[in-house]
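Enquirer: Here it is, the structure, as structure tokens.
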Amino acid sequence: MNIKRVAIIVILAVTCFSVGLYSQARQQPPDTVPLANVPVKTYSGDDLGYTVTSAANGRIEGILVIRVNGNWIPIQTTNPPAVRGLQGR
């Protein structure tokens, strides 16, 4: 009786593992935008934004900007924060 329980548990575990592998293999990779096609524009909230200046070498680069009287002004910093670039995959 004990051997039957162990066999059933092993069969259920192998079945669950196999179904998980199969379903993961069937998923399509997410659509990604090639970095060459990233528009140069400001992505922003109400008063703080990020203006994309270039997209090269697998990275999107830009500057932080703030809105003053409706105009976007680059932020001048003496010690810029260490921010990792977005990497296309």
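For this note's numbering, add 360 to where a residue sits in the sequence shown, where the first one is 1.
In this text, a Cβ means the ideal position worked out from N, Cα and C, and glycines have one as well.
Is the beta carbon of G409 closer than 8 angstroms to that of V425?
Expert: Closer than 8 angstroms, so yes.
Enquirer: With a 10 Å radius around its C-beta and 16 neighbouring C-beta atoms as the bar for buried, classify G422 as buried or exposed.
Expert: Classification of G422: buried, given that the 10 Å Cβ count is 16 or more.
Enquirer: In three-state DSSP terms, what is T402?
Expert: Strand, per DSSP.
Enquirer: Mind checking whether T413 and W432 have CB atoms under 8 angstroms apart?
Expert: No, Cβ-Cβ distance for T413 and W432 is not below 8 angstroms.
Enquirer: Can you check which of these residues, T411, L381, I369, is closest to I420 by C-alpha distance?
Expert: Closest option to I420, Cα to Cα, is T411.
Enquirer: Can you tell me whether V370 is helix, strand or coil according to DSSP?
Expert: V370 falls in the helix class under three-state DSSP.
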